Amino acid sequence: MSSDQFHLNFSLMSPGHYRAAWRLAGADPHAYLDADHYVRLAKLAEEAGIDAVFQGDSPALGPEIATGTSGGLDGFTLLAMIAGATERIGLLPTVSTTYSTPYSLARRFQSLDHLTKGRAALNVVTTGNPAAAANFGVSAHPDRDARYRRAHEFLEVITRLWEAWEPGTIIADKATGQFGDPSRIHAIDHHGEFFDVAGPLPVPTSPQVRPVISQAGETPAGLELAARYADVVFAAGHTVAKAKASRDDIRARAQAHGRDADSIKYSLGLIVLVGTDEEDAKRRHDELNATLPPLEYLVSAVLSSLGLPADAFGPDDVIRLEDVPAEPNLKAFSVGMYNNTRAVLAEGPRRLRELVAHTAGIGTHRLVVGSPERIADDLESWWRQGAADGFTVMFADTRVDLERFATLVVPILKERGLFHREYPEGTLRDRLGLPVPGLQPAGRRLAASPA
Ligand SMILES: Cc1cc2nc3c(=O)[nH]c(=O)nc-3n(C[C@H](O)[C@H](O)[C@H](O)COP(=O)(O)O)c2cc1C
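UniProt numbering numbers the first residue of the sequence shown as 1 and each following residue consecutively.
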């Protein structure tokens with residue numbers, strides 16, 4: 001990716017960010033478990049040249065299963081299956097540093113990187129849902145501070161494991177019979193607060209050396225984790241001003257760690273609802289809105305995320321920035337949601353129903369509804385204002401909107417020179433213009449060590 005173009009990742013979340021889109025005519029309610037459904041989507045994404053396909057993580061079933069899917073498939077398994085059906089596209093599942101162990105996770109991603117010739121990536125989260133604890137034999141969900149301490153140690157361990165084999169370790173000399181050179185493989189002998197890991201992995205250094213690391217989490221501790229280890233920050237932003245400030249912040253933090261600011265890519269999430277034209281977009285928007293829970297419920301969810309009583313305001317009441325507690329509720333799923341709603345209110349008072357409409361009442365990210373041109377204009381405008389290095393595109397109704405974005409919006413972006421026309425050569429890391437942190441030149445294997 002040259003710096004005059006942006007990257008695009010696609011979320012495969014199904015049926016979509018409108019979780020009850022399974023109710024629409026033509027939708028198969030069971031598609032979210034169907035390999036053919038995902039392969040179709042991944043192939044459409046690959047034909048459009050999309051950098052990576054992405055899947056979030058929910059390691060606990062929630063009450064929302066009563067009305068729609070609740071996370072569903074394990075992302076690594078899903079994307080490893082898609083790896084076999086595609087050739088170029090990157091594979092970006094979300095994994096929890098709180099509820100995984102670093103040795104097995106490092107091995108799985110290094111294996112995936114070999115088997116896909118350098119297409120593996122991982123989105124690390126600390127897991128916001130406290131219900132996960134009971135599934136992993138943990139007495140209580142660790143507090144945010146402990147989760148991020150563990151995340152730092154986790155990433156230190158996996159990156160050291162990935163780099164523990166020197167180049168040239170596999171000799172494979174048929175004449176002498178020497179296959180590997182054990183003197184070039186190093187234990188990591190890690191002993192820390194959370195983990196004791198001897199290493200090394202049984203897998204050689206993979207094509208990317210480090211599979212691409214993305215991070216999602218917007219508290220200062222999350223941003224510090226990203227600044228130290230991540231190649232990509234997956235973020236939610238509801239105003240240009242807030243997204244730009246967050247991107248500037250993460251770039252400055254990376255520089256404070258001795259990194260080049262351009263070595264960390266700010267990937268802004270947005271949900272798209274793509275109409276064939278404006279009228280079609282409006283019609284589908286109405287249709288999808290009819291699948292949402294009652295407005296009063298959505299309003300109470302927004303109020304809770306702001307730390308306000310669920311009945312503090314009605315849908316037509318106006319809320320101002322001064323009405324919102326000055327500090328986030330640190331027990332909330334993500335402080336990012338609180339920050340974003342504050343950013344919207346900083347631009348002026350809003351009726352509660354407008355705040356709900358901002359995210360389609362369906363979560364953390366901004367919803368953009370319109371014709372292909374309107375959506376292309378939106379991305380271009382945010383990118384030109386310095387609010388993003390690229391976008392993680394999520395879909396209102398993935399079955400319909402992923403295809404429309406790939407076939408109607410991406411060609412406009414290519415025509416405008418904003419997105420690559422063909423996949424650039426190399427690994428996912430090379431394509432995104434990412435160096436291996438601490439190693440030069442960008443994206444190459446470690447320099448050969450002296451004999
Ligand atoms: C853009 C974004 C996406 C996220 N995706 C997930 C996810 O897929 N699964 C999950 O368990 N948590 C997810 N989280 C929440 C993280 O677990 C997060 O690390 C934790 O709640 C703390 O978030 P905070 O630093 O923003 O407060 C996400 C957070 C953000 C900001």
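A virtual CB, placed ideally from N, CA and C, is assigned to each residue, including glycine.
A quick note: this is a predicted structure, and the numbers were derived from the prediction, not measured.
Count the CB pairs spanning the segment 217 to 230 and the segment 137 to 157 that are closer than 8 Å, and state whether there are at least three. yes
Alpha carbon to alpha carbon, what distance is there between residue 45 and residue 401? 12 Å
Roughly how many whole angstroms lie between the Cα atoms of residue 273 and residue 341? 21 Å
Pick from 394, 436, 410, 114 that is closest to residue 6, judged by C-alpha positions: 410
From this set, 276, 293, 87, which residue's C-alpha is nearest residue 370's C-alpha? 276
Let me confirm a value: residue 344 is counted as buried when at least 16 other C-beta atoms fall within 10 Å, else exposed. Which label applies? buried
Please report the distance separating the alpha-carbon of residue 349 from that of residue 200. 56 Å
Host beta strand (DSSP E) of residue 7 (start-end): 7 to 11
Determine the contact status of residue 423 and residue 119, defining contact as a CB-CB distance below 7 Å. no
If you run the structure through DSSP and keep just helix, strand and coil, what is residue 412? helix
Assign residue 34 to one of three DSSP states: helix, strand, or coil. coil
Close-in-space but distant-in-sequence residues of the same chain around residue 32 (CB under 8 Å, 5 per side omitted): 14, 15, 22, 69, 72, 73
Using three-state DSSP, classify residue 196 as helix, strand or coil. strand
Sub-7 Å separation of residue 18 and residue 291 beta-carbons: yes
Look at the alpha carbon of residue 417 and the alpha carbon of residue 121, and state the distance between them as a whole number of angstroms. 26 Å
Counting along the chain, where does the alpha helix (DSSP H) carrying residue 340 start and finish? 335 to 346
In terms of residues, what are the limits of the beta strand (DSSP E) holding residue 214? 212 to 215
Whole angstroms is fine: what's the gap from residue 454's alpha carbon to residue 335's? Absent from the structure is residue 454, since the part of the chain shown begins at 1 and ends at 451.
Going along the chain, which residues of its own chain have a beta-carbon closer than 8 Å to the beta-carbon of residue 249, five neighbours each way excluded? 223
Assess, as a yes-or-no matter, whether the segment 164 to 177 is touched by the segment 186 to 202 under the definition of 3 or more beta carbon pairs within less than 8 Å. yes
Let me make sure I understand the geometry here. Which of 197, 431, 372, 232 has the alpha-carbon closest to that of residue 105? 197
Separation of residue 211 from residue 441, as counted between CA atoms: Since pLDDT at residue 441 reaches only 39, below the 50 mark, its modelled position is unreliable, and no value is offered.
Please indicate yes or no: does the CB of residue 20 lie closer than 6 Å to some heavy atom of ligand 1? no
Alpha-carbon spacing of residue 217 relative to residue 98, whole angstroms: 13 Å
Under 6 Å from any heavy atom of ligand 1, does the C-beta of residue 326 make it? no
Taking Cβ to Cβ, would you say residue 67 is nearer than 7 Å to residue 20? yes
Residue range of the beta strand (DSSP E) that includes residue 307: Segment: none, residue 307 is in no beta strand (DSSP E) and carries neither H nor E.
Quick one: does the C-beta of residue 415 sit closer than 6 Å to a heavy atom of ligand 1? no
To the nearest angstrom, how far is it from the Cα of residue 429 to the Cα of residue 259? 16 Å
For residue 392, write down the residues that DSSP places opposite it in a beta bridge. 9, 269
To which residues does DSSP link residue 91 through a beta bridge? 53, 120
Under 8 Å by Cβ, that's how I've got residue 161 and residue 229 pegged, so tell me the actual separation to the nearest angstrom. With a Cβ gap of about 13 Å, residue 161 and residue 229 do not count as contacting.
Per DSSP, cross-strand counterpart(s) of residue 370: 274
Endpoints, the beta strand (DSSP E) within which residue 234 is located: 232 to 236
Hey, quick one: how far does the alpha helix (DSSP H) through residue 82 stretch, first residue to last? 75 to 85
Roughly how many angstroms separate the alpha carbons of residue 439 and residue 263, rounded to a whole number? The predicted model places residue 439 with a pLDDT of 49, which falls under 50 and marks its position as unreliable; any figure quoted below should be read in that light. In a straight line, the C-alpha of residue 439 is about 12 Å away from that of residue 263.
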